[in-house]
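>
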Amino acid sequence: AGNPQIQAAASLFPLRPKIRTSVSVLNTFIPFKPNVCGSRYNVYCCPGWKTLPGGNQCIVPICRHSCGDGFCSRPNMCTCPTGQTAPSCGSKSVQQCNIRCMNGGTCNEEQCMCQKGYIGTHCGQPVCEHGCLNGGRCVAPNRCACTYGFTGPQCERDYRTGPCFSIVSNQMCQGQLSGIVCTKSLCCATVGRAWGHPCEMCPAQPHPCRRGFIPNIRTGACQGIAFLWT
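Quick note: the sequence shown uses the working numbering, first residue -3, plus one each step.
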């Protein structure tokens, strides 16, 4: 029949059923699990991780791009057949290439397929669609590095300063305006016929603005100027 005192105690403190833990319920007896985020009572897989089918441990990395012939070794990083890690791996034909492609280019049958904005055997040459003027160099897609005295998206704005000449005779610059040092655009937009040292001829038709106007420094729009010299 049993001890009546033990039976009474058991009725006051019944045994609780065991609860199976999962990734969404923190087991107080296993407080630390890899790649688990959240609070004590609400846990979940950290971003970039998931559980195995039917499992409750966040040990499977997630890769946003295809790993091709490689495998996803950590969030958004693949381990490729070559042993290198990258955001994605190509097919077997890509991995067999013996040349290196730069700037995000991919290799296909020993040739680089370049990303937009790059050309060349190894995709190492950036492209500036409108070119770089006045000695500027294309250093990135549609980005010019200008030589001293020039600026603008295509290095088209000339801010060098020098003497202004009012006369050109037999390809010689004469009539230097005394005490005047200015930009070529300002000289040629007013009374100048040549500018600088060495001397550069002013265009027959000033560009981009007609005579009496120069480009605004910030906007490039043509703005009128006062007649500076008499």
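Glycine residues also receive a C-beta, built at the ideal position from the N, C-alpha and C atoms.
Could you give the C-beta distance for C184 and P199, rounded to a whole number, given that I count them as a contact under 8 Å?
Residue 184 sits at position 188 when you count from the first residue of the sequence shown. Residue 199 sits at position 203 when you count from the first residue of the sequence shown. Indeed they touch by this definition, with Cβ atoms about 7 Å apart.
> Which partner residues of V177 appear in the DSSP bridge assignment?
Here residue 177 is taken as the residue at index 181 of the sequence shown, counted from 1. Per DSSP, P159.
> Take V123 and list the residues in its own chain whose beta-carbon comes closer than 8 Å to its own, dropping the five residues that flank it on each side.
The residue you call residue 123 lines up with position 127 of the sequence shown. Around V123: G113, Y114, I115, C134, P137 and N138.
> With burial defined as no fewer than 16 other Cβ atoms inside 10 Å of the residue's Cβ, what is the status of G100: buried or exposed?
Within the sequence shown, numbered from 1, the residue matching residue 100 stands at position 104. Exposed.
> By the 10 Å Cβ neighbour count, where 16 or more other Cβ atoms means buried, how is G188 classified, buried or exposed?
By 1-based counting over the sequence shown, the position of residue 188 is 192. So G188 counts as buried.
> I believe I58 touches N31 by the beta-carbon criterion, under 8 Å. Please report the beta-carbon distance rounded to the nearest angstrom.
For the purposes of this step, residue 58 is taken as residue 62 along the sequence shown, with counting starting at 1. For the purposes of this step, residue 31 is taken as residue 35 along the sequence shown, with counting starting at 1. Not quite, the Cβ-Cβ distance comes to about 11 Å (not below 8 Å), so this is no contact.
> Can you have a look at Q201 and say buried or exposed, based on whether 16 or more other CB atoms are within 10 angstroms of its CB?
If you number the sequence shown from 1, residue 201 lands on position 205. That one is exposed.
> Given a cut-off of 8 Å, decide if F209 and G220 are closer than it, judged by their beta-carbon atoms.
Mapped onto the sequence shown, residue 220 falls at position 224. Mapped onto the sequence shown, residue 209 falls at position 213. Contact: yes.
> Would you list the residues sitting across from A82 in a DSSP beta bridge?
In the sequence shown, residue 82 corresponds to position 86, counting from 1. Per DSSP, C74.
> Residues in its own chain within less than 6 Å of R207 by CB, not counting five upstream and five downstream?
Numbered from 1 along the sequence shown, position 211 holds the residue referred to as residue 207. Around R207: A185.
> Taking Cβ positions, are G158 and G192 nearer each other than 8 Å?
Position 162 of the sequence shown, counting from 1, holds the residue named residue 158. Position 196 of the sequence shown, counting from 1, holds the residue named residue 192. Closer than 8 Å, so yes.
> The beta strand (DSSP E) with C218 in it runs from where to where?
Your numbering for residue 218 matches position 222 in the sequence shown. Unbroken beta strand (DSSP E) run through C218: C218 to G220.
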